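Peer 1: Quick one: this structure, given as structure tokens, is what I'll be asking you about.
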Amino acid sequence: MKKQLIIYGILIIIFLVYNFFFKVADEKTNTAINILIASIIFGYIAYLAFTILKKMNQNK
-14 MKKQLIIYGI LIIIFLVYNF FFKVADEKTN TAINILIASI IFGYIAYLAF TILKKMNQNK
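Heads up: the sequence shown begins at -14 in the numbering used here, then just goes up one per residue.
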């Protein structure tokens, strides 16, 4: 589980670094990139939840 949390932290850091330092000048492109990164993060949260539920179900 530690590996998954480290990956999640890295995704959050990538999102923050992009928004603070590497913004694209075009507002539409910048919004599209933000949506893409946020979608990846939320997809990873769903994967983590699925993994945790799967482990909980196996312990019964």
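Cβ coordinates follow ideal geometry from the N, Cα and C atoms, glycine included. Only a predicted model underlies this, so the values are computations on that prediction, with no experimental measurement involved.
I'd like to know whether the C-beta atoms of residue 26 and residue 0 end up nearer to each other than 9 Å.
Peer 2: Walking along the sequence shown from the start, residue 26 turns up at place 41. Walking along the sequence shown from the start, residue 0 turns up at place 15. Yes; because the gap between Cβ atoms is below 9 Å, this pair is in contact.
Peer 1: Taking the Cβ atom as the reference point for each residue, do residue 3 and residue 18 lie within a distance shorter than 9 Å?
Peer 2: Residue numbering aside, residue 3 sits at position 18 when the sequence shown is read from its first letter. Residue numbering aside, residue 18 sits at position 33 when the sequence shown is read from its first letter. Going by C-beta atoms, residue 3 is nearer than 9 Å to residue 18.
Peer 1: Between residue 13 and residue -10, what straight-line distance do the alpha-carbon atoms span, to the nearest angstrom?
Peer 2: The residue labelled residue 13 in the question sits at position 28 within the sequence shown. The residue labelled residue -10 in the question sits at position 5 within the sequence shown. If I take the Cα positions, the gap works out to 31 Å.
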